[in-house]
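A.B. asks: I'd like to ask some things about the structure below.
There are 2 protein chains.
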Amino acid sequence: MFTNSSKYALKAVLYLALHSDENKKIMVKDLCERINVPKAYLSKLLQDLARHEVVSSSKGPKGGFYLNEQNLTMSVLDIVHIIDGRKKTESCLLSLEDCSRHKPCPLHNLVSSSRNEMLNSLKDKTVKDLSLDLKHKKAFLPLA
Amino acid sequence: MFTNSSKYALKAVLYLALHSDENKKIMVKDLCERINVPKAYLSKLLQDLARHEVVSSSKGPKGGFYLNEQNLTMSVLDIVHIIDGRKKTESCLLSLEDCSRHKPCPLHNLVSSSRNEMLNSLKDKTVKDLSLDLKHKKAFLPLA
DNA sequence: GATAAAACATGATATAAGTCATATTTAGGA
DNA sequence: TCCTAAATATGACTTATATCATGTTTTATC
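Spelled out as structure tokens, the structure:
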């Protein structure tokens, strides 16, 4: 469904949503252990996310990554799009150029409603929403 | 969503469903042009599909690939599982080992209903069903 | 049987995804 | 102002996916 990169990114963002803020920054070094993702790889992802304002960062001693209020408004789908690109979620299941509502491929009708429903859920759910679910124990994050 | 390999396989099977039978076999050489897939790559996929009884084949002159009645009963999901493996469709969105109904990850509740609906559609739809949709012009197959 | 036409099997290459390593820049604190 | 701790930038390496090429086996036809 998603690539490893997206999954790592989501895990990282969720961890930051729960455990960081402007006054409590988290270093890659620590984060990578908590969420079980290779350090150097996570660095790259976080930099990518920082460039796209999904996470905030500051350099130097006492530096690290954290989420501010604006960061919390990003949706799950935003993050996936940044890391994986839009193609996977936007193109037809068979990647047929000419597939559309008017001239649907055989899989189109079959899955379009459930698929759209799923993508809309991901588009509407913000990082903040997810972190509230976690705080209220409506969801869990076993980070292995 | 699916890999190229799966998409190619589905396109090939659908083409065979529409244009082949025991008395009208189709050679890779021809098939690859019709569905716009590299020949050598398609060969490999077809052999894999033949081994798993998704398609039928016969060697030698007048040989080629075709679908018999049994082949037509395969589901879309069967084919995807054969080519891509089961992991993609069966594991949690974040690939968390311990994610389950009882201890759902934050994305689990969010998408599980629509995701299951989608996967069930793919599981229940056979190649024969799809080919009937095409024959009745309920769907189209622009093979580019 | 000999020939040729097809699938089958295997392996080599290319490209993309994932991982690792190292040097550079920035900023806090002595 | 200098040192050190952090992110940042860049590039090399590895593994998996996708693609290509070549030889082997089977079988219909003459």
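Protein chains in written order, with the working numbering: chain H, 10 to 153; chain S, 10 to 153. A virtual CB, placed ideally from N, CA and C, is assigned to each residue, including glycine.
#1: S:LEU55 to H:ALA21, Cα distance in whole Å?
#2: S:SER67 lies in the beta strand (DSSP E); which residues open and close that run?
#3: With a CB to CB cut of under 6 Å and the five nearest residues on each side skipped, what residues in its chain are close to S:LEU86?
#4: Who are the Cβ neighbours of S:VAL64 in its own chain at under 7 Å, not counting the five residues just before and after it?
#5: Should H:LYS16 be flagged as near chain S, meaning a C-beta pair shorter than 8 Å?
#6: In chain H, what lies closer than 9 Å to S:LYS20 by C-beta?
#7: May I have the straight-line CA-CA distance separating S:SER123 from S:LEU103, to the nearest angstrom?
#8: Quick one: is H:ALA49 buried, meaning 16 or more other Cβ sit within 10 Å of its Cβ, or exposed?
#9: Within 10 Å of its beta-carbon, does S:HIS117 have 16 or more other beta-carbons around it, so buried, or fewer, so exposed?
#10: Measure from the C-beta of H:LEU116 to each C-beta in chain S and report whether the shortest distance is under 8 Å.
#11: Between H:GLU99, H:LEU105, H:PRO151 and H:SER67, which has its C-alpha nearest H:ASN129's C-alpha?
#12: Comparing the C-beta of S:ALA49 with each C-beta of chain H, is any distance below 8 Å?
C.D. replies: So, to answer that:
#1: On the second sequence, position 46 is the one that residue 55 of chain S refers to. On the first sequence, position 12 is the one that residue 21 of chain H refers to. Distance between the alpha carbons of S:LEU55 and H:ALA21 is about 40 Å.
#2: Taking the second sequence and counting its residues from 1, one reaches residue 67 of chain S at position 58. Residues 65–67.
#3: Counting from 1 along the second sequence, the entry for residue 86 of chain S is found at position 77. The answer, listed in chain order, is LEU131 and LYS132.
#4: Your numbering for residue 64 of chain S matches position 55 in the second sequence. Here the set comprises VAL22, LEU25, LEU55, LEU58, PHE74, LEU76 and ASN80.
#5: As a first step, residue 16 of chain H is located in the first sequence; it is residue number 7 there, counting from the start. By this cut-off, H:LYS16 is an interface position.
#6: The residue given as residue 20 of chain S occupies position 11 in the second sequence. Neighbours of S:LYS20 on chain H, chain order: LEU103 and LEU105.
#7: Working through the second sequence from its first residue, we reach residue 123 of chain S at position 114. Working through the second sequence from its first residue, we reach residue 103 of chain S at position 94. About 16 Å.
#8: Residue numbering aside, residue 49 of chain H sits at position 40 when the first sequence is read from its first letter. Exposed: under 16 other Cβ atoms inside 10 Å.
#9: Residue mapping note: residue 117 of chain S aligns to position 108 of the second sequence, counting from 1. Under this definition S:HIS117 is a buried residue.
#10: For this step, residue 116 of chain H is matched to residue 107 along the first sequence. Taking Cβ atoms only, chain S reaches closer than 8 Å to H:LEU116, which makes this a yes.
#11: Numbered from 1 along the first sequence, position 120 holds the residue referred to as residue 129 of chain H. Among H:GLU99, H:LEU105, H:PRO151 and H:SER67, the Cα nearest to that of H:ASN129 belongs to H:GLU99.
#12: Here residue 49 of chain S refers to the residue found at position 40 of the second sequence. For S:ALA49, the answer is no, since every Cβ of chain H falls outside 8 Å of its Cβ.
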